[in-house]
Amino acid sequence: MNKVEARVEIERLRRELNRHSRLYYVLDKPEISDAEYDRLYRKLVGLEAEYPDLVVPDSPTRRVGDKVSGEFASIRHIRPRMSLDDAFSYSEVQAFEERAKKLTEAKLEYVCELKIDGLQIVLTYRSGLLTTAATRGDGITGEDVTHTVRTIRDIPLKLSKPLDIVVSGEIYISKKDFAKINAEQTKAGGQLYANPRNLAAGTVRQLDPRVASTRRLRSFVYDLEGEVSPKTQMDILKNLADLGFSTNAENKLCQNLGEVEKFIQRWGNERNKLPYETDGVVVKVNDMAARRRLGATAKAPRWAIAYKFPAEQKPTKVLDIVVQVGRQGTLTPVAVLEPVLLAGSTVSRATLHNEDEIKRKDVRVGDTVIVQKAGDIIPEVISVIKSKRPATAKPFKMPTTCPICSGKVVRVEGEAAHKCVNKNCFVVQLRKLEHFVSRDAFDIKGLGTKILEQLYKEGLVRDPADIFTLEEGDIEPLERFAEKSAGNLIKSIQGAKTISLDRFIYALGILHVGAQTARDLTGMFRNLDELLHAFPESFREVDGVGDKVAQSIFEFFQDEHNLGLVKKLLQAGIIIKQAVRSTGDRLNGQTFVITGTLASMSREEAEDKIRALGGKASGSVSAKTSFVVVGDNPGSKYTQANKLGVKILDEKEFIKLV
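Read in the UniProt record's numbering, the sequence shown has 111 at position 111, and its numbers run on one by one without any break.
So this is what it looks like as structure tokens:
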């Protein structure tokens, strides 16, 4: 075979292999056996090896490339990838339509699409060739995962037309393939994967595309922009299918909300029959012109909403009840369960909250119980099937000593909680460190539980202030640490030394003080010194802070150990940014509460404006509240304001005021 003949044969083989890949992975209508496909593939590999100058980037043999070295590069999205507002009831879908009808007089049709429980991906094509694939990331920038996405057989490397387009979709692993992969893990003695979504996300983020090529990743795409002018969402889905993409056939054009409700009800009942995981239905306005009129809030489009299916419930058996210890020393009983697949992941533990809750539900070891995931996230025991209770089942009793340090356990007067009173309990200290570095506190990237545990056990970190004295040489000898990763962690720690007052307060882990209460405190106390010298009655002047919380804050700052920690943090170089000071008195004496999403600014920016003008920003509505500022999708604070007769401001009125 000469070179001209080889070129013709190579092009024929590429066409054949691409066609059979589409028939198999996209249309689920294979025409040839796997053995025949492999024969054609090996023949193409041989010819391309013989004539390397005839190899092109979109060849079927080029799907698996070289391993990526180091960290993923960032890709800035052409437009922000917004998240969708959630609906947990049909009435919230009706409210979505009511809001839309206020902004457009057009008759609204809807397209219902199943919400795939996978990883969102953004694909960019230039002149018909796949150039980049990026994760959604924070909506502005994502990670460059082109090397692994190229291995997914139902994502075309080359389109049927030389277009410049951007395509969005979801990458997932089918239930069948997930079971096969876990079976292979069991056979190899490896750890089982928790659920298909996490496995898909982790696979896409592998540095080595050879790993991704073995994981049977698939895709469904649903959005298209660029050199195309679709008039409707149904046009988008048709165009995507015509270009060779895999689209979900289970979609429906609905003329009204009644048809939307039927679609939701059908798949709410039948979702377990699907070959992939779905956790809801995405409802989109079909007409593109209507979408443009509806626009978006700061965080989500007004023309779509994601309905979430109710939590799935399943029976399983309680194998044991163990006790975990939290950062405040609180003991929490946890049911160890016979593993059960629930809402897409294998559940083997569920919280039982406290001793009173166990007694109320009468949960015992050996019981068959009904479990569900609250919000499809946190597993919990709902009830006991007492007809299946074994004769040997005995009531559970809380331990009198800590299961971690053997310290004394007491029940807090007036509360359901039991606590370990040993201040040096290992787990209590570890949980406090985890809280200190968490996202709403110092937000130190790369400092997870396992690393903190190693640092604590090695004696390098005993309290939060010790974190800021770490050096590269301290970290490099630890397990799984190299010079580069140690350097990155130290850089992350040093970069976290400047912090706002509210985050600093939250990081201290004061009992009953969450992130919102910490923000509320900074409305009255502008710096740390004011906090340290305040009395309970001063704290009670802050909206949302009652006697219990005020006393807790006061006692925290009276404790010599806590004051020593604060002093040590300041000596370690922590710089606390002073809370925004008033530059005027226009809002003096007035208290504001913000609910919903503002389009022109974040909640934190709005609260800073209020404080700068002498007002107070609070997280809860009371009779003392002067105004409630209402953005899109307001919560219960809006209802509470109406009940109390508090004046409501929309965003435009608020902007005029500030």
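Beta carbons are placed, not taken as given, at the ideal position from N, Cα and C, and that holds for glycine.
In terms of Cβ geometry, I370 and S387 do not form a close pair [threshold 7 Å]. Annotation for P339: the continuous beta strand (DSSP E) segment containing it runs 330-342. Rounded to the nearest angstrom, the gap between the Cα atoms of E113 and P162 is 28 Å. DSSP places V428 in the helix class (H, G or I) of the three-state scheme.
Taking C-beta atoms under 8 Å as the contact rule, M601 and K299 fail to qualify, at a distance of about 12 Å. Positions of the alpha helix (DSSP H) runs, each at least 4 residues long and wholly inside the segment 159-211, are given as 175-188, 196-204 in order along the chain.
For R76, the uninterrupted beta strand (DSSP E) segment begins and ends at 74-76. Apart from sequence neighbours up to five positions away, the residues of its chain that approach G139 with a beta-carbon distance below 8 Å are H77, P80, R81, M82, S83, ordered along the chain. Shown here, F592 sits in a strand according to DSSP, grouped into three states. The Cβ neighbour count for P333, taken over all protein chains shown within 10 Å, is at least 16; the residue is labelled buried. When secondary structure is reduced to three states using DSSP, L253 falls in the strand class. Relative to D223, the option among M288, A465, S345 whose CA is nearest is M288. Linking E11 to R42 through their CA atoms gives a straight-line distance of about 14 Å. By the C-beta density criterion, T401 is exposed, having fewer than 16 other C-beta atoms within 10 angstroms. For the set D547, G473, L569, K548, the Cα lying nearest the Cα of A507 is the one of L569.
According to the DSSP secondary-structure assignment, Y110 is paired through a beta bridge with C254, V285. Residue range 146-149 is occupied by the alpha helix (DSSP H) that includes T146.
In terms of Cβ geometry, D367 and R389 form a close pair [threshold 7 Å].
Note: E143 is bridge-paired with S74 in the DSSP secondary-structure output. Looking from the CA of V336, the closest CA among V365, N562, T330, R360 belongs to V365. Beta-bridge analysis with DSSP links F627 to F592, K647. Cβ contact annotation for F481 (same chain, cutoff 6 Å, sequence separation greater than five): I475, in chain order. I385 sits in coil when the DSSP states are folded into three classes, being neither helix nor strand. Leaving aside the five residues that flank R271 on each side, the residues in its chain whose CB is nearer than 7 Å to its CB run, in chain order, T278, F309. Taking the CA atoms as reference points, R292 sits about 22 Å from D650.
Per DSSP, S438 is not a residue of any alpha helix (DSSP H), being assigned neither H nor E.
Taking a contact to require three or more Cβ pairs closer than 8 Å, the segment 177-184 and the segment 132-151 do not qualify as touching. In this structure, DSSP gives V371 an extended state, which the three-state scheme calls strand.
The DSSP assignment places 560-571 as complete runs of the alpha helix (DSSP H) inside the segment 557-583, in order along the chain (cut-off: 4 residues).
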